[in-house]
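Start counting the sequence shown at 80; every next residue gets the next number (this note's numbering).
Cβ coordinates follow ideal geometry from the N, Cα and C atoms, glycine included.
One structure is given here, and the rest of the page talks about it.
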Amino acid sequence: MKDADVFIGLSTSDIVNPQMLLSMAANPIVFAMANPDPEIKYHLAVKTRDDIIMATGRSDTPNQVNNVLGFPFIFRGALDVRATSINEEMKKAAVIALAELAKEPVPEQVNIAYGETRLTFGKDYIIPKPFDPRLIAAIPPAVAKAAIDSGVALAPITNWETYEDALLERMGSDNKIVRLLFNRAKLNPKRVVFAEADQLNVLKAAQIVLEEGMATPILLGRRDEIERLMVELEFDDEVLIIDPKDDESSIQKNKYAEIYWKQQQRKGVTLFAAQKLMRERNYFAAMMVNEGDADALISGYSSNYGSVVKPMLKLIGLAPGSTRIATTNVMITQRGPMFLSDTAININPSADDLIKIAQMTSGVVKMFGLEPVMAMISYSNFGSSKDKTATKVKEAVSYLHRRHPNLLVDGELQTDFALNSEMLKANFSFSRLANKKVNTLIFPNLESANITYKLLKELNKAESIGPIMMGLRKPVHILQLGASVDEIVNMTAIAVVDAQQKEKTAR
Numbered sequence: 080m081k082d083a084d085v086f087i088g089l090s091t092s093d094i095v096n097p098q099m100l101l102s103m104a105a106n107p108i109v110f111a112m113a114n115p116d117p118e119i120k121y122h123l124a125v126k127t128r129d130d131i132i133m134a135t136g137r138s139d140t141p142n143q144v145n146n147v148l149g150f151p152f153i154f155r156g157a158l159d160v161r162a163t164s165i166n167e168e169m170k171k172a173a174v175i176a177l178a179e180l181a182k183e184p185v186p187e188q189v190n191i192a193y194g195e196t197r198l199t200f201g202k203d204y205i206i207p208k209p210f211d212p213r214l215i216a217a218i219p220p221a222v223a224k225a226a227i228d229s230g231v232a233l234a235p236i237t238n239w240e241t242y243e244d245a246l247l248e249r250m251g252s253d254n255k256i257v258r259l260l261f262n263r264a265k266l267n268p269k270r271v272v273f274a275e276a277d278q279l280n281v282l283k284a285a286q287i288v289l290e291e292g293m294a295t296p297i298l299l300g301r302r303d304e305i306e307r308l309m310v311e312l313e314f315d316d317e318v319l320i321i322d323p324k325d326d327e328s329s330i331q332k333n334k335y336a337e338i339y340w341k342q343q344q345r346k347g348v349t350l351f352a353a354q355k356l357m358r359e360r361n362y363f364a365a366m367m368v369n370e371g372d373a374d375a376l377i378s379g380y381s382s383n384y385g386s387v388v389k390p391m392l393k394l395i396g397l398a399p400g401s402t403r404i405a406t407t408n409v410m411i412t413q414r415g416p417m418f419l420s421d422t423a424i425n426i427n428p429s430a431d432d433l434i435k436i437a438q439m440t441s442g443v444v445k446m447f448g449l450e451p452v453m454a455m456i457s458y459s460n461f462g463s464s465k466d467k468t469a470t471k472v473k474e475a476v477s478y479l480h481r482r483h484p485n486l487l488v489d490g491e492l493q494t495d496f497a498l499n500s501e502m503l504k505a506n507f508s509f510s511r512l513a514n515k516k517v518n519t520l521i522f523p524n525l526e527s528a529n530i531t532y533k534l535l536k537e538l539n540k541a542e543s544i545g546p547i548m549m550g551l552r553k554p555v556h557i558l559q560l561g562a563s564v565d566e567i568v569n570m571t572a573i574a575v576v577d578a579q580q581k582e583k584t585a586r
């Protein structure tokens, strides 16, 4: 092994000693693949040489080289093009696909699965992890292309995007709506201010959206804490950091305070009070968006929902034509995306409120590129109860039928009838939703909507995007307390697409 650059062991345990490692060239690559005990133990190897690039077959040390990274996906690609053999070109294509994937930003769910703060390409991460969900969409297409190019494919693939979607569906990880959302955000990235960037998960999300090219983050919070966390995350990109409480932001603070004071001076707000408010991150962030210094805003990770909504209503205000705000959650379910409204704002909406909520939700569904098919939910079906809770839903539906006949909506309906089109047709064939696949549920109160979306999230592990704010003048979106990194990233994509939409409307 003297002066060797690489050692690959496929033998038995403990046959390599420290002296042998020390005789190798600089930055040696050691693949000690004997299982369960490698040719030299990982911790002994890295203790012996700090420049070593070490991999084993074990899951409890970095760089696990595991055959599950290769063979299931090689066979998948080969079978999908009916390859007559598995040749060297196909195997090499799998290797290259793995190498390229290792250099891509790692999904947060992989970091969580392996208890890491942030995996990045380097000595301790030279190969993707076996639980990386991207493997299914990265390796089979590469193998299939190599089979076609080398002439062993009997059924060549022509539409690679459709093929990738089919692969994701096989894994039960079809998240097409989220991927489409990300792609739309990347087409025209926006400046997004993160009002709680001194929280680890928020900063992680900001780093991801920057690396993915979805947004340019502006980081608000305690500067020293943000900079400390950036070192921990190896977040070394140049980004704007603002601490509304320090002196460096005083010019901007005073400017925002004076603008706000002039807007509110006849409503009891003094200049001193305005200056004090601008030291608060949510007020400062809202003014950034108002004054065009940021395009969208994300907040709420560490705060009570209502305490964040209040400054947004005060500073941002309602969109033209809106009389109230509401929220909808997108649930990624087995039957496809489901929109649930209102999940966070209106405790006991009136019939008029439900009309507005339905109209705003329809706009959000269309923003996702889908046609809204809406059921107004109740505990009764089509007038079977005369209670005011049910009748307000009936009144809202009646108004929508009269004034918005092109909107595909009906109710009041129990949830099972709304979601089971055969049962609905058998019992209420007159319904506009008969033979339709409902994708939007409008609930009669906050309690039922909030309970339903959280029940779906926890029992069925349905991914949730939201609550998506509706009715505000600017793209402001408020997270649920303690949102995950993926949820913050998804909400940021929503904020970017929302900003794109509002930009088009303003032209």
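Using 8 Å as the threshold, is the C-beta distance between residue 365 and residue 390 below it?
Residue numbering aside, residue 365 sits at position 286 when the sequence shown is read from its first letter. Residue numbering aside, residue 390 sits at position 311 when the sequence shown is read from its first letter. Yes. Within cutoff.
What is the rounded straight-line gap between the Cα of residue 295 and the Cα of residue 412?
Position 216 of the sequence shown, counted from the start, is the residue given in the question as residue 295. Position 333 of the sequence shown, counted from the start, is the residue given in the question as residue 412. Roughly 30 Å separates the two Cα atoms.
Reducing DSSP to helix, strand and coil, say where residue 252 ends up.
Locating residue 252 in the sequence shown gives position 173, counting from the first residue. Residue placement at residue 252 cannot be trusted, given a pLDDT of 48 that sits under 50; what the coordinates show is reported in the next sentence. In this structure, residue 252 counts as coil in the three-state DSSP scheme.
Per DSSP, which one or two residues make a beta bridge with residue 369?
Taking the sequence shown and counting its residues from 1, one reaches residue 369 at position 290. In DSSP, residue 369 forms no bridge with anything.
Return yes when the Cβ of residue 227 is within less than 8 Å of the Cβ of residue 152, no when it is not.
Position 73 of the sequence shown, counting from 1, holds the residue named residue 152. Position 148 of the sequence shown, counting from 1, holds the residue named residue 227. Going by C-beta atoms, residue 152 is not nearer than 8 Å to residue 227.
With a 10 Å radius around its C-beta and 16 neighbouring C-beta atoms as the bar for buried, classify residue 156 as buried or exposed.
Position 77 of the sequence shown holds residue 156. With 16 or more Cβ atoms within 10 Å of its Cβ, residue 156 is classed as buried.
Starting from the C-beta of residue 569, find all residues in its chain whose C-beta is less than 7 Å away, skip the five residues before and the five after it, and write them out in chain order.
Translated into positions along the sequence shown, residue 569 becomes position 490. Answer for residue 569: 257 and 544, listed in chain order.
In the DSSP assignment, what are the bridge partners of residue 489?
Locating residue 489 in the sequence shown gives position 410, where the first residue counts as 1. 454.
If you drop the 5 nearest sequence neighbours on each side, which residues of the same chain put their C-beta closer than 6 Å to that of residue 368?
Taking the sequence shown and counting its residues from 1, the one referred to as residue 368 is at position 289. So the list reads 376 and 553, once near-sequence residues are dropped.
Grab me the residues of residue 520's own chain with a C-beta within less than 6 Å of its C-beta, minus the 5 sequence neighbours each way, in chain order.
Position 441 of the sequence shown holds residue 520. Correct list, in chain order: 419, 454 and 456.
Residues that DSSP places opposite residue 416 in a beta bridge
In the sequence shown, counting from the first residue as 1, residue 416 sits at position 337. Answer is 411, bridged to residue 416.
When we look at the beta-carbon of residue 481 and count the other beta-carbons within 10 Å, is it buried (16 or more) or exposed?
On the sequence shown, residue 481 is found 402 positions in, with the first residue counted as 1. Classification of residue 481: exposed, given that the 10 Å Cβ count is below 16.
Among all the DSSP beta bridges, which residues are the ones paired with residue 143?
In the sequence shown, the residue the question calls residue 143 occupies position 64. DSSP output for residue 143 lists 135 as bridge partner(s).
Measuring CA to CA, which of 220, 430, 282 and 488 is closest to residue 563?
Position 484 of the sequence shown, counted from the start, is the residue given in the question as residue 563. Checking every option, the nearest Cα to that of residue 563 belongs to 282.
Residue 345 (DSSP reduced to helix, strand or coil):
Along the sequence shown, one-based indexing puts residue 345 at 266. Looking at residue 345 - three-state DSSP - the assignment turns out to be helix.
Evaluate residue 546 with the Cβ neighbour count: other Cβ atoms within 10 Å of its Cβ, from every protein chain shown; 16 or more gives buried, anything less gives exposed.
Looking up residue 546 in the sequence shown gives position 467. Buried.
What residues are listed by DSSP as bridge partners for residue 270?
On the sequence shown, position 191 is the one that residue 270 refers to. Its beta-bridge partners are 295.
My parser needs the alpha helix (DSSP H) runs of 4 or more residues fully inside the stretch 156-197; what are they?
167-181 and 187-192
Out of 225, 224 and 212, point me to the one whose CA is closest to residue 249's CA.
For the purposes of this step, residue 249 is identified with residue 170 of the sequence shown, where counting begins at 1. Residue 249 has its Cα closest to that of 212, out of 225, 224 and 212.
Rounded C-alpha distance that separates residue 198 from residue 113
Taking the sequence shown and counting its residues from 1, the one referred to as residue 198 is at position 119. Taking the sequence shown and counting its residues from 1, the one referred to as residue 113 is at position 34. Straight-line Cα distance between these residues: approximately 25 Å.
Do you know how far the Cα of residue 101 is from the Cα of residue 252?
As a first step, residue 252 is located in the sequence shown; it is residue number 173 there, counting from the start. As a first step, residue 101 is located in the sequence shown; it is residue number 22 there, counting from the start. Low per-residue confidence applies at residue 252: pLDDT is 48, beneath 50, and the placement is therefore not dependable, though the value from the model is reported in the following sentence. So the two alpha carbons sit approximately 46 Å from each other.
Are the stretch 174-186 and the stretch 123-135 in contact at 8 Å, needing three or more beta carbon pairs?
no
Looking only at its own chain, which residues have a Cβ that is under 7 Å from the Cβ of residue 585, when we skip the five neighbours before and after it?
For the purposes of this step, residue 585 is taken as residue 506 along the sequence shown, with counting starting at 1. No residues qualify anywhere along the chain.
Report all residues from its chain with a CB closer than 6 Å to the CB of residue 93; omit the five preceding and five following residues, and keep chain order.
Here residue 93 refers to the residue found at position 14 of the sequence shown. Contacts found: none.
What does the alpha-carbon distance come out to for the pair residue 501 and residue 494?
Indexing the sequence shown from 1 puts residue 501 at position 422. Indexing the sequence shown from 1 puts residue 494 at position 415. Roughly 13 Å separates the two Cα atoms.
Could you give the distance in angstroms between the alpha-carbon of residue 468 and the alpha-carbon of residue 523?
As a first step, residue 468 must be located in the sequence shown, where it is residue number 389. As a first step, residue 523 must be located in the sequence shown, where it is residue number 444. Spanning the two alpha carbons is a distance of roughly 7 Å.
Throw me the rounded Cβ distance for the residue 144 and residue 136 pair, which I believe falls under 8 Å.
Here residue 144 is taken as the residue at index 65 of the sequence shown, counted from 1. Here residue 136 is taken as the residue at index 57 of the sequence shown, counted from 1. 6 Å between Cβ atoms; contact.
Continuous alpha helix (DSSP H) stretch holding residue 122: start and end:
In the sequence shown, the residue the question calls residue 122 occupies position 43. Here the alpha helix (DSSP H) through residue 122 covers 121-127.
Exposed or buried, which one is residue 576 when buried takes at least 16 other CB atoms within 10 Å?
Residue 576 sits at position 497 when you count from the first residue of the sequence shown. Counting Cβ neighbours within 10 Å, residue 576 comes out buried, since at least 16 surround it.
Return the chain-ordered ranges of every alpha helix (DSSP H) run that is complete within the stretch 495-566 and spans a minimum of 4 residues.
500-506 and 525-538
Buried or exposed for residue 130, going by 16 or more other Cβ atoms inside 10 Å?
Position 51 of the sequence shown, counting from 1, holds the residue named residue 130. Under this definition residue 130 is an exposed residue.
Chain-order list of residues whose beta-carbon lies under 7 Å from that of residue 293 (same chain, five-residue window excluded):
For the purposes of this step, residue 293 is taken as residue 214 along the sequence shown, with counting starting at 1. Hits under 7 Å: 261, 264, 265, 268, 571, 572 and 575.
Could you check how far apart the C-beta atoms of residue 588 and residue 466 are, in whole angstroms? I think they sit under 8 Å.
Outside the displayed range of the chain (80 to 586) lies residue 588, so it cannot be described from this structure.
Taking its Cβ as the centre, do 16 or more other Cβ atoms sit within 10 Å of residue 173, making it buried, or is it exposed?
Reading the sequence shown from its first residue, position 94 is the one you call residue 173. By the neighbour-count rule (16 or more Cβ atoms within 10 Å), residue 173 is buried.
Checking 8 Å against the spacing of the C-beta atoms, do residue 378 and residue 361 come in under that value?
Counted from its first residue, the sequence shown places residue 378 at position 299. Counted from its first residue, the sequence shown places residue 361 at position 282. Yes, Cβ-Cβ distance for residue 378 and residue 361 is below 8 Å.
Counting along the chain, where does the alpha helix (DSSP H) carrying residue 433 start and finish?
For this step, residue 433 is matched to residue 354 along the sequence shown. Unbroken alpha helix (DSSP H) run through residue 433: 430-446.
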